[in-house]
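Comments concern the structure below.
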Amino acid sequence: MKNVEAWSAEDVSDWLIKEGMPEYMDVLRQSQTDGPALLRLTQADFQVPPLSRVSHDNGQQLLERMDILRMTTHIEDHKNGHANGHVGGMPNGTSKLQRNGTLGRKDFEMIRIPMPTIEPPRCPFPTEWWKTGIAFTYAVICFVTTSVVISVVHERVPPKEHTPPLPDKFFDLFDRREWAFSICEINGMLLVGLWLIQWILLKHRSIIGRRFFFIVGTLYLYRCITMYITTLPVPGMHFKCSPKLLGDWEAQMRRIMKMIAGGGLSITGSHTMCGDYLYSGHTVMLTLTFLFIKEYSPRRFWWYHWFCLTLSATGIFCILLAHDHYTVDVVVAYFITTRLFWWYHTMANQQSLKETSQSNLLSRVWWYRLFRYFEENVNGTVPRNYQLPVSVRALSWMRGVKYSRLDSQ
Amino acid sequence: MASPELASAEDSSTRNPNSGKEDGSVSGTKKTCPVHAPAGEEAKRSFRKGIARHNDYVKISVPESKVSRLPTEWWKTAIAFFYAAFNLVLTTVVITVVHERVPPKESSPPLPDKFFDYIDRVKWAFTVTEVNGMVLVAIWLVQLFFFKYKSIACRRFFFLIGTLYLYRCVTMYVTTLPVPGMHMNCAPKLQGDTQAKIQRILQLISGAGLSINNSHLLCGDFLYSGHTVMLTLTYLFIKEYSPKSFWWYHLVCWLLSAVGVLCILVAHEHYTVDVVVAYFITSRLFWWYHTMANLQILKCSPNNYLTNTWWNPLFNFFERNVQTSVPCSYSWPITWASACLKNPCKKYSMVQSSREE
């Protein structure tokens, strides 16, 4: 192969064609660019005419090819010129390849190829309990905000004599059953209990717990917004709303505390406030616990999934049967919960969705940064592994039987 | 990793006799080298390809794909159009039905709304909304007219509009909100008079549901707001399918959209929750659909919960043959004058064919 330094304008044209850049051929031939002139081209030359007119990428491609050309020329010179040169040994120092076209020098010039240091394999699912703590705090803040907002909205609910319940298709078809709401709340508590037990048995509880807290927190935050901006009237005349405390801050605080302590359930007598209809928090909990239970339990437990699905669906049906929420509250709650769950988990499972790019429109949600913070060190889908919590091992009745496989997964 | 290959490559080249033969081998390589085909092929930027000028490599024939990666498939667009038309008609039917059930404003006063507490009603604001909506739709249609991949963009637009209006039917029908303000004049109820109802439906469709041309005198379609859906969706489409550098254009359209949505509330024509829910559902659905369509890797991935929606089969049907994200390129719709709008004065044969990133 002829040295680039010795190339004529014809050789330059041939090379351009071979490299797939014929658009430069005319211009460079006109300016009689031969080998050395080609090597002298810099980025600045592509900013001005005539080269700026034919180049669509500021000459990046051409410059890169020229670098390769220089390197191969240099290596060939090197090989041809120094048969007894530095055989095999590593160079003492490193020097970058000179890019000023003076490659004809018979010098020792080494190109340093940095080898990436092999890092010790990191755990693909680091626990990072402090991130779970942050997610928990976020969820608690959202719960407290919800209670405060319910208390505020309660003051604004129009009295049921003044504004009758809105017409609702489900209420037209089904009359009210008084016992229905207790069923809903019992189902809810059962589902939360089941989920809690399942969560304790999971191996990667910190990651999964983080996800649960984050999603629950965000759903309740959305709920704050929709409850606050427009106040729907009570869905039925059977509602007993506690009297309004206009401006009495102390009593309002006490009411909020009572609500938080009782978990917002009517069974515990903590939910006597009205106005929190759009959208339904009970539906959120029922749907979300079912989604998490199904997601993080083995596929073959189909009977378990069906049982939880029945609990969830009956609970939601009973909310409506008790005329405790409008149908639109339940529908919107189901929609938002499922979409958020699926959105979050798809993003968490796909590495390509954890980077902002033009094609990744899922990254345009407002909570994307928070999501990245929580999930950046989680590589891949979290497997469904189970592990007894450490404290159980200390029980005396386990001493006789020792299973080394159980908690080493 | 490259060095042993480099060594063997250089050895074989030095074995060739002097430079006369080198020229011959270079030109001979030019004839037999399929890798460095002239213009039209994608640029490959690997070191190895750059120095491979030998006769001792194996030709791996890459099958030239005859199928375009972005087929037009106008028939699918037609199906999407019918889907959207069906849902729009369904919406008007549901509005007419719901109108009968709206409680009269005397017995059921407007619900308390935070925005209404702070800002009083301005009468002409709703006209601003509707004018903005019409301008945005017109801009989008013009943009679509010049867009190169019209059929695909149209298909997506129809599908999303159809689905959003379908959801709207559901939420409007299940619970009926009272009128947001005492200023609203609802047409009288037609108890059981089907003929007159059908006439109303036709009037609503022909006027596209706008108040400006007096076709929308029916009440009850509050949750959620169709005007917000149109304003938001046209803006999202305009922004997605136009060049990223047109920031002023995006800003103008965003202003039109935002002012339109704000004026809906200022005119007290919808509750705040209607507008918020409409914006939320529209933006989420748009982003969900387009991420699924753009990232091909999601189509094969097992842990892709984005496919759990009910409209996933429809999505697969529409987007099955679209193998890449739709590039933003424009051309005159008439084929004989295909000058790219980006550079009207200069002709680049490579720009239109391959540099569509």
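Residue numbers (the working numbering), protein chains in the order written: chain A, 8 to 416; chain B, -10 to 346. From the three backbone atoms N, C-alpha and C, an ideal C-beta is built for every residue, glycine too. Note that the structure is predicted; figures quoted are calculated from it, not measured.
Check your understanding: If you drop the 5 nearest sequence neighbours on each side, which residues of the same chain put their C-beta closer than 8 Å to that of Asn76(B)?
Key -> Excluding sequence neighbours, Asn76(B) sits near Ile150, Gly151, Thr152, Tyr154, Leu155, Cys158.
Point to revise | is_contact[Asn65(A), chain E] using C-beta, thresh 8 Å | key: The question asks about chain E, but that chain is absent: this structure's protein chains are A and B.
Review point. Quick one: any contact between the segment 114 to 130 of chain B and the segment 261 to 280 of chain B, if contact means 3 or more CB pairs under 8 Å?
Key: The segment 114 to 130 of chain B makes no contact with the segment 261 to 280 of chain B, as fewer than three CB pairs between them are under 8 Å.
Exercise for review: For Asp331(A), write down the residues that DSSP places opposite it in a beta bridge.
Suggested key: Answer is none; Asp331(A) lacks a bridge partner.
**Study point:** Through-space distance from Ile194(B) to Phe306(B), alpha-carbon basis
**Key:** The alpha-carbon atoms of Phe306(B) and Ile194(B) are separated by roughly 28 Å.
Review point. Roughly how many angstroms lie between the CA atoms of Val19(A) and Leu70(A), to the nearest whole one?
Key: Those two C-alpha atoms are separated by around 14 Å.
Exercise for review: Answer yes or no: does any C-beta atom of chain B fall closer than 8 Å to that of Phe297(A)?
Suggested key: No, Phe297(A) lies away from the interface with chain B (no Cβ there is under 8 Å from its Cβ).
Check your understanding: Mind checking if Tyr294(B) is an interface residue toward chain A, Cβ cutoff 8 Å exclusive?
Key -> Cβ-Cβ to chain A under 8 Å: yes for Tyr294(B).
Practice item. Measuring only between beta-carbons, confirm whether Lys103(B) sits less than 8 Å from chain A. Key: The Cβ of Lys103(B) sits closer than 8 Å to at least one Cβ of chain A.
Review point. Taking the continuous alpha helix (DSSP H) assigned at Glu302(A), which residues delimit it?
Key: First-last of the alpha helix (DSSP H) with Glu302(A): 288 to 302.
Point to revise | Spatial distance of Ile118(A) from Thr80(A) (CA atoms) | key: One C-alpha to the other measures close to 13 Å.
Point to revise | Rounded straight-line distance, which links the Cα of Trp309(A) to that of Phe381(A) | key: The alpha-carbon atoms of Phe381(A) and Trp309(A) are separated by roughly 30 Å.
**Study point:** Where Arg371(A) falls, given that 16 or more other Cβ within 10 Å makes a residue buried
**Key:** Its Cβ having fewer than 16 others within 10 Å, Arg371(A) is exposed.
Review point. From Lys139(B), Val47(B), Trp299(B), pick the residue whose C-alpha is nearest to that of Ala67(B); which is it?
Key: If you compare the alpha carbons of Lys139(B), Val47(B), Trp299(B) with that of Ala67(B), the shortest gap goes to Lys139(B).
Review point. Within 10 angstroms of its Cβ, does Ile187(B) collect 16 or more other Cβ (buried), or is it exposed?
Key: Taking every protein chain shown into account, the CB of Ile187(B) has fewer than 16 other CB atoms within 10 angstroms, so this residue is exposed.
Exercise for review: Kindly indicate which three-state DSSP category Phe306(B) falls into: helix, strand or coil?
Suggested key: Phe306(B) falls in the helix class under three-state DSSP.
Practice item. Thinking His259(B) and Ser318(B) are a contact (beta carbons under 8 Å), I'd like their distance in whole angstroms, please. Key: Taking a contact as a CB-CB distance under 8 Å, the pair His259(B) and Ser318(B) does not count as one, their CB atoms being some 38 Å apart.
Check your understanding: Taking Cβ-Cβ distances shorter than 8 Å, what residues in chain B pair up with Leu369(A)?
Key -> Within chain B, the C-beta atoms nearer than 8 Å to that of Leu369(A) come from Trp276, Trp277, Thr280, in chain order.
Check your understanding: First and last residue of the alpha helix (DSSP H) that includes Met173(B)?
Key -> It is not in any alpha helix (DSSP H) - Met173(B) carries neither H nor E in the DSSP assignment.
Check your understanding: Looking only at C-alpha atoms, which of Leu79(B), Leu206(B), Met161(B) sits nearest to Glu178(B)?
Key -> Checking the sequence shown, residue 178(B) turns out to be Lys, not Glu. Looking at the Cα atoms, Leu206(B) is the closest of the given residues.
**Study point:** Closer than 8 Å to chain A by CB, Pro92(B)
**Key:** Interface flag for Pro92(B) against chain A is set, since a Cβ pair is found closer than 8 Å.
Point to revise | Whole-angstrom distance between Arg144(B) and Ile286(B), CA atom to CA atom | key: Between Ile286(B) and Arg144(B), the C-alpha separation is close to 22 Å.
Review point. Which of helix, strand or coil does DSSP assign to Tyr213(B)?
Key: Note: Tyr213(B) maps to coil in three-state DSSP.
Review point. Using a C-beta to C-beta distance shorter than 8 Å, which residues of chain B count as neighbours of Val338(A)?
Key: Those within 8 Å of Val338(A) in chain B are Val159, Thr160, Val163.
Exercise for review: Compare the Cα-Cα distances from Leu226(A) to each of His245(A), Ile120(A), Ile326(A), Trp350(A) and report the closest residue.
Suggested key: With respect to the C-alpha of Leu226(A), the residue from His245(A), Ile120(A), Ile326(A), Trp350(A) having the closest C-alpha is Trp350(A).
Check your understanding: How is Phe308(A) classed by DSSP in three states: helix, strand or coil?
Key -> Assigned with DSSP and collapsed to three states, Phe308(A) falls in coil, not helix or strand.
Exercise for review: From the DSSP output, in three-state form, read off Phe181(A) for me.
Suggested key: DSSP places Phe181(A) in coil when its eight states are reduced to three.
Practice item. Under 7 Å between beta-carbons, which chain A residues line up against Thr261(B)? List them in chain order, please. Key: In chain order: Ile236, Thr237.
Practice item. Tell me whether Tyr230(B) sits in a helix, a strand or coil according to DSSP, three-state version. Key: Looking at Tyr230(B) - three-state DSSP - the assignment turns out to be coil, as it is neither helix nor strand.
Review point. Considering only the beta carbon of each residue, do Tyr162(B) and Val83(B) sit closer than 8 Å?
Key: Contact flag set, yes.
Check your understanding: Three-state secondary structure (DSSP) at Thr153(A)?
Key -> Taken through DSSP and simplified to helix, strand or coil, Thr153(A) comes out as helix.
Review point. Taking Cβ positions only, does Arg144(B) come closer than 8 Å to chain A?
Key: Chain A contact via Cβ: absent.
Check your understanding: What residues are listed by DSSP as bridge partners for Thr233(A)?
Key -> Thr233(A) is not bridged by DSSP to any residue.
Exercise for review: Anything in chain B within Cβ reach of His161(A), meaning under 8 Å, just list it in chain order.
Suggested key: Ordered by position in chain B, no residue passes the 8 Å Cβ test against His161(A), which lies about 12 Å from the chain.
**Study point:** Exposure label - Val250(B); buried when at least 16 CB within 10 Å
**Key:** Buried.
Exercise for review: With DSSP collapsed to three states, give me the class of Thr221(B).
Suggested key: Here Thr221(B) carries a helix assignment [DSSP, helix/strand/coil].
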